[in-house]
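K.L.:
First the structure, then my questions, so here it is.
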Amino acid sequence: MTDIPTLHGAAKVDKESPFIRFLRATEIDARLLGMIAALILIWVGFHFYGHFVNGFGAFLTPRNLWNLSVQTSSIGVMATGMVLVIVTRHIDLSVGSILGFSAMSMAILQVWILPEFLGLGHPMIWIITVVFGLLIGAAIGAFHGYLIAYLSIPAFIVTLGGLLVWRGAAFLLARGETISPVDATFKHLGGGPFGAIGSTGSWIVGLLGCTAAVALIFSGRAQRRRFQFPLRPVWAEAFLASVSCGGIIAFVLLVNSYPWPKGIVKQYVAANNIETPVSEIFISHGFAIPVLIMIAVGIAMTFLATRTRFGRYVFAIGGNPEAAELAGINTRWVTVKIFALMGMLCGLSAVIASARLNSATNNLGTLDELYVIAAAVIGGTSFAGGIGTIYGAILGALVMQSLQTGMVLIGFDAAIQQIVVGTVLVVAVWIDSVYRRRAK
Amino acid sequence: MSSETSGTPLVEIKDLSIAFGGIKAVDQASVDLFPGEVVAILGHNGAGKSTLIKVLSGAYKRDGGQIFVNGEEADINNPRDAKQYGIETIYQTLAVADNVDAAANLYLGREILTSFGTLDDAAMEAEARKVMGRLNPNFQRFKEPVSKLSGGQRQSVAIARAILFNARILIMDEPTAALGPQETEQVSELIQQLKKEGIGIFLISHDIHDVFDLADRVAVMKNGQMVGYARTEDVSKDEVLGMIIMGKCPAGAVAGPGAMQEA
Chain A
1 MTDIPTLHGA AKVDKESPFI RFLRATEIDA RLLGMIAALI LIWVGFHFYG HFVNGFGAFL
61 TPRNLWNLSV QTSSIGVMAT GMVLVIVTRH IDLSVGSILG FSAMSMAILQ VWILPEFLGL
121 GHPMIWIITV VFGLLIGAAI GAFHGYLIAY LSIPAFIVTL GGLLVWRGAA FLLARGETIS
181 PVDATFKHLG GGPFGAIGST GSWIVGLLGC TAAVALIFSG RAQRRRFQFP LRPVWAEAFL
241 ASVSCGGIIA FVLLVNSYPW PKGIVKQYVA ANNIETPVSE IFISHGFAIP VLIMIAVGIA
301 MTFLATRTRF GRYVFAIGGN PEAAELAGIN TRWVTVKIFA LMGMLCGLSA VIASARLNSA
361 TNNLGTLDEL YVIAAAVIGG TSFAGGIGTI YGAILGALVM QSLQTGMVLI GFDAAIQQIV
421 VGTVLVVAVW IDSVYRRRAK
Chain B
1 MSSETSGTPL VEIKDLSIAF GGIKAVDQAS VDLFPGEVVA ILGHNGAGKS TLIKVLSGAY
61 KRDGGQIFVN GEEADINNPR DAKQYGIETI YQTLAVADNV DAAANLYLGR EILTSFGTLD
121 DAAMEAEARK VMGRLNPNFQ RFKEPVSKLS GGQRQSVAIA RAILFNARIL IMDEPTAALG
181 PQETEQVSEL IQQLKKEGIG IFLISHDIHD VFDLADRVAV MKNGQMVGYA RTEDVSKDEV
241 LGMIIMGKCP AGAVAGPGAM QEA
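Shown next as structure tokens:
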């Protein structure tokens, strides 16, 4: 008990390459590095393909990357929930339809119903609408979870049914109409020039992020020392701190270098009686609100998955459902909670997606289930259960969206896009399984 | 039954029955257990011993019969209920979650929380180090998922989990099935130690050699019924084997409903 355990495999260190030693010291997951490498490859690849073939590299521009971050949000938010679903060896095929149904319900509430009682543009409308959307999503998810856990219907079937039922129900709600425009404040939740927090706000968020990253590294070190666990070398800690802060600051610089479009600036100048000529005004977008929502969801879900009892149960059930049950975990109730949470995240994505389009259409979220599942799986969530990370799923969503956006930018057909996305999914899972076998 | 042992039994199972699709896996079985006593439940594969014990640990729901804990009727419908009564079980399959570490497994379902309601991993690991230090002083791999551990190490995790929470009644289903001789010896020592602490232990085994020397009494099952009960000092191994194989009750044993009827 008193001896401080050495780093496992200390004897082997001599034989290892500097790269492996580096990974060991920093405790960076090799998978994470692989995903980031893949992402950079995709970005650079699309940029230079555009540059050389079309004469215009549009990918690595602030505008495209800013849009990419917004487009990733909706899928990214749902992918964090899908991780928990897949970790417990279930599947949710209904997320796109739940998104559609929630979006339609929210649109009806904020466009047809609430203005009659509160008046058009009332500041409470968006709050009531968002809460309502989250509750609708959670209720549908909980219902699916109940059918799966207590009536023992396979999740695949329940959510396949849900995929059809909720898409049909969304159609019936508004008789197939597209409801637009949505509430003026609600719209900002989807991004756009007014749905971003601007340059100063982004710097504040960025600095808070850096402070939190450094604080986490310090508190982690203090914890390890307190319980006499092996410490990371100081250079490794410094490296991690500088990489995370550098990444955050780079992101802030990026979103701040994307200016408002001329037309919007003109309106703004006219509305505020500013004298300066439009051509000399540079107003940054800053972080888009949906991106901040996704980051907040990512942090909250990581906390939930790793620091709470619920998260521990989710992973234990995924690892060995029978053992979890015998250990006294109410596995059925946990399943209901997982699906309710998944549904609530669909409601949140519905907010982002419908706010971004400024409308709710009947086909909103169609095929999202496949992108969400693909994001989770590319992010390292194992269908065998028990393995998966939230950050991986968000990165996975970013990879999927990068592919999608990149192919649009270089002018690939929709047909080719589908073929590429499908192939990438299969290849990614294959590489992952090879990696896992090697790791064992 | 065992009239020699006095006082209120820790556990008394009375006329317990459970059927799966018309097959009576356990048929009117009764058995009791006193503090500081080891009772071995023996029988062939499929004799109903694991099923009987799974009812007591809450994994199965009984169809009939009663369970008394300290003389009071206990209502056990799931594993959580059983743990409330201080009944802990080490399953034949070990029932550990392979993908999480030893400390997480030890505290599965009963995690230590910080004052913020989050998992207190450091405290759990510190406690885990203590209890594992008692069981298996060489154990150091606290950070790795249980799937990376050897059979014996996994077994010690399963045992540590059972004794961590001051169990009063311990059920061990084939406790040494996955172990080498040295680890088996450790389990025997552990059982002696737990006995001294006044814990009652049910040992389930199909192999009489594993448990005969550890047990104070044996209860033999065949085809879901109790063949008979005996103090280990009153019968020989061969006689118990006769009970297991043929259902024949020797002179030193008390016959149960499943005993072969003498012509």
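So the protein lines, in turn, are chains A and B.
Sequential numbering from 1 applies to the first sequence in my numbering.
Sequential numbering from 1 applies to the second sequence in my numbering.
The beta-carbon is built from N, C-alpha and C at its ideal position, and this holds for glycine as well.
The structure displayed is predicted, hence computed values, not measured ones.
(1) Apply the 10 Å Cβ neighbour rule to B:His-209 and answer buried if 16 or more other Cβ atoms are within range, or exposed otherwise.
(2) Out of A:Ala-288, A:Gly-137, A:Gly-45, state which residue places its alpha-carbon closest to the alpha-carbon of A:Phe-194.
(3) Would B:Glu-148 be called buried (16 or more neighbouring beta carbons within 10 Å of its own) or exposed?
(4) Using alpha carbons as the reference points, say which of A:Leu-114, A:Ile-293, A:Ala-236 lies closest to A:Phe-19.
(5) Roughly how many whole angstroms lie between the Cα atoms of A:Trp-166 and B:Gln-140?
(6) Which residues in the same chain as B:Asp-264 place their Cβ atom closer than 8 angstroms to its Cβ, once the five residues preceding and following it in sequence are excluded?
(7) Thinking just about the alpha-carbon of each residue, which of A:Leu-208, A:Ser-202, A:Ser-219 is nearest to the one in A:Leu-253?
(8) Does the distance from the CB of B:Leu-42 to the CB of B:Val-240 come in under 8 angstroms?
(9) On the DSSP bridge assignment, give the partners of B:Gln-225 in chain order.
(10) Counting only beta-carbon separations shorter than 8 angstroms, does A:Thr-308 have a partner in chain B?
(11) Check for me: the beta strand (DSSP E) holding B:Glu-88 runs from which residue to which?
(12) Rounded C-beta distance between A:Gly-141 and A:Met-344? I'm assuming under 8 angstroms.
(13) Are there 16 or more other CB atoms within 10 angstroms of the CB of B:Pro-9, so buried, or fewer, so exposed?
(14) How would you write the range of the beta strand (DSSP E) that B:Leu-94 sits in, first residue to last?
(15) Pop quiz: B:Val-55 and B:Arg-62 are said to be a contact at Cβ under 8 angstroms. What is the actual Cβ separation, rounded to whole angstroms?
(16) In or out: A:Thr-2 buried (at least 16 other Cβ within 10 Å) or exposed?
(17) Any heavy atom of the ligand SAM within a distance shorter than 7 angstroms of the CB on A:Gln-267?
(18) Take every Cβ of the stretch 79-98 of chain A, pair it with every Cβ of the stretch 393-400 of chain A, and state whether three or more of those distances are shorter than 8 angstroms.
(19) Between B:Thr-232 and A:Ser-433, what straight-line distance do the alpha-carbon atoms span, to the nearest angstrom?
(20) Specify whether the stretch 266-275 of chain A and the stretch 39-56 of chain A touch according to this definition: at least 3 beta carbon pairs, one from each stretch, less than 8 angstroms apart.
(21) Assign A:Thr-159 to one of two classes, buried (16 or more other C-beta atoms within 10 Å of its C-beta) or exposed (fewer than that).
(22) With contact counted as at least three CB pairs below 8 angstroms, one residue from each stretch, are the stretch 71-83 of chain B and the stretch 325-338 of chain A in contact?
(23) Could you give the distance in angstroms between the alpha-carbon of B:Thr-51 and the alpha-carbon of B:Asp-207?
(24) Ordered along the chain, which non-local residues of its own chain (more than five positions away) have a Cβ less than 6 angstroms from that of A:Ala-215?
(25) Please report the distance separating the alpha-carbon of A:Leu-7 from that of A:Glu-27.
(26) Taking the continuous beta strand (DSSP E) assigned at B:Phe-264, which residues delimit it?
(27) At 4 residues or longer, and completely inside the stretch 121-154 of chain B: list those alpha helix (DSSP H) runs for me, N to C.
(28) In three-state DSSP terms, what is B:Gln-66?
(29) Near A:Ala-184, what residues of its chain come up, given a Cβ to Cβ distance below 7 angstroms and the 5 sequence neighbours on each side ignored?
(30) Do the CB positions of B:Ile-201 and B:Leu-164 come within less than 8 angstroms of each other?
(31) Under the three-state reduction of DSSP, which class applies to A:Ala-10: helix, strand or coil?
(32) Along the beta strand (DSSP E) that carries B:Ser-205, what are the first and last residues, could you check?
(33) Is it buried or exposed for A:Ala-212, if we count other Cβ within 10 angstroms and need 16 for buried?
(34) With a threshold of 7 angstroms on Cβ separation, who are the neighbours of A:Phe-59 within its own chain once the five nearest residues in sequence on each side are excluded?
(35) Let me check one thing: in DSSP terms, what residues is A:Ala-360 bridge-paired to?
(36) Pull up the DSSP beta-bridge partners for B:Met-324, would you.
P.N.:
Taking the structure as given:
(1) exposed
(2) A:Ala-288
(3) For clarity, residue 148 of chain B is Lys in the given sequence; the question names Glu instead. So B:Lys-148 counts as exposed.
(4) A:Ala-236
(5) 51 angstroms
(6) Residue 264 of chain B lies beyond the range of chain B shown here (1 to 263); nothing can be said about it.
(7) A:Ser-202
(8) yes
(9) B:Lys-222
(10) yes
(11) 87-90
(12) 6 angstroms
(13) buried
(14) That residue, B:Leu-94, is in no beta strand (DSSP E); it is neither H nor E in DSSP.
(15) 5 angstroms
(16) The predicted model places A:Thr-2 with a pLDDT of 40, which falls under 50 and marks its position as unreliable; any figure quoted below should be read in that light. So A:Thr-2 counts as exposed.
(17) Because no ligand of any kind appears in the structure shown, any question about the ligand SAM cannot be addressed here.
(18) yes
(19) 53 angstroms
(20) no
(21) buried
(22) yes
(23) 17 angstroms
(24) none
(25) Annotation note: pLDDT 44 at A:Leu-7 (below 50); position unreliable, coordinate value reported separately. Whole-angstrom Cα-Cα distance: 11 angstroms.
(26) The requested residue 264 of chain B does not occur in the structure, where chain B is confined to residues 1 to 263.
(27) 121-135
(28) strand
(29) Gly-121
(30) no
(31) Reliability of the predicted coordinates at A:Ala-10 is poor, the pLDDT of 43 falling under 50, and no value is obtained from them.
(32) 200-205
(33) exposed
(34) Trp-43, Phe-46, His-47, Gly-50, Gly-406, Leu-409
(35) A:Ile-179
(36) As shown, chain B starts at 1 and ends at 263. That puts residue 324 of chain B outside it, with no answer to give.
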